[in-house]
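For reference, the structure discussed in these notes is given below.
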Amino acid sequence: MLYLVAVQIWGLNQGNYYGFDNLAGIWMWAAILSAMLHFPPRWFTQVKQRRRDIAWLKYY
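Residue numbering for the sequence shown is 22 to 81, as defined by my numbering.
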């Protein structure tokens with residue numbers, strides 16, 4: 022899904038594909054994705070700690 026978003030924003034820049042021209046672009050996207058993906062698991066961990074009465078949460 023992120024690939025399709027990138028193609029819509031910047032277009033195809035490596036022939037028929039979207040890609041990065043240098044290593045700095047890859048590291049930039051890795052940092053952005055790490056920051057974005059940090060918050061949902063953190064939120065879910067807080068829910069698990071707060072709501073111990075929901076039995077199925079202990080399996081995740």
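We put the CB at the ideal spot given by N, CA and C, even for glycine.
*Beta-carbon gap between Lys69 and Leu78 smaller than 8 Å*: The residue given as residue 69 occupies position 48 in the sequence shown. The residue given as residue 78 occupies position 57 in the sequence shown. Yes. Within cutoff.
_Measuring straight from C-alpha to C-alpha, what distance separates Gly40 and Asp74?_
Along the sequence shown, one-based indexing puts residue 40 at 19. Along the sequence shown, one-based indexing puts residue 74 at 53. Computed Cα separation, rounded: 47 Å.
*Shortest alpha-carbon distance to Thr66 belongs to which of Asp42, Leu25, Tyr81 and Gly32?*
Position 45 of the sequence shown, counting from 1, holds the residue named residue 66. When Asp42, Leu25, Tyr81 and Gly32 are compared, the shortest CA-CA separation from Thr66 is found for Tyr81.
*8 Å Cβ shell around Trp31 - same chain, five flanking residues per side excluded*: For this step, residue 31 is matched to residue 10 along the sequence shown. Taken in chain order, the residues that qualify are Tyr39.
*asked:* Quick check on the DSSP output: what are the complete alpha helix (DSSP H) runs of length 4 or more inside the segment 43-71, in order along the chain?
replied: Here the runs fully enclosed are 44-71.
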